[in-house]
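Numbering (the working numbering), first residue to last: 129 to 225.
Spelled out as structure tokens, the structure:
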């Protein structure tokens, strides 16, 4: 049976110092450390590779990672896309794009 969970990074967590402990512990190479915004190193999790084992969550000293249901991740991604689309459409109407 496939695991229904996936790790998610909380970008609002101010305690994450980009140490990379989560990426080093991931046996499935589902976590890569990335610079975004520029100057801040943070974990980027590939939900296709993540099996939701929770090892990264346990190793994160800043408690910046959590496990969520995979369906919640899809819903968050769809919501972000739709929100960006709405903002872009509103700016076009006002002549800003």
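Think of the CB as a built atom: it goes at the ideal place given N, C-alpha and C, for glycine as much as any other residue. Because the structure is a prediction, the values reported are computed rather than measured.
**OP:** Mark residue 197 as exposed unless 16 or more other C-beta atoms lie within 10 angstroms of its C-beta, in which case mark it buried.
**Re:** exposed
Original post:
Excluding the five sequence neighbours on either side, which residues of its own chain have a C-beta within less than 6 Å of the C-beta of residue 149, listed in chain order?
Top reply: 187
Original post:
When we look at the beta-carbon of residue 139 and count the other beta-carbons within 10 Å, is it buried (16 or more) or exposed?
Top reply: exposed
Original post:
Between residue 178 and residue 161, what straight-line distance do the alpha-carbon atoms span, to the nearest angstrom?
Top reply: 15 Å
Original post:
residue 152: which of 134, 192, 183 and 143 sits nearest, CA to CA?
Top reply: 183
Original post:
So is residue 193 buried or exposed if we call it buried at 16+ other beta carbons inside 10 Å?
Top reply: buried
**OP:** Report the rounded CA-to-CA distance for residue 181 versus residue 137, giving the unit in angstroms.
**Re:** 15 Å
Original post:
Per DSSP, what kind of secondary structure is residue 149 in: helix, strand or coil?
Top reply: helix
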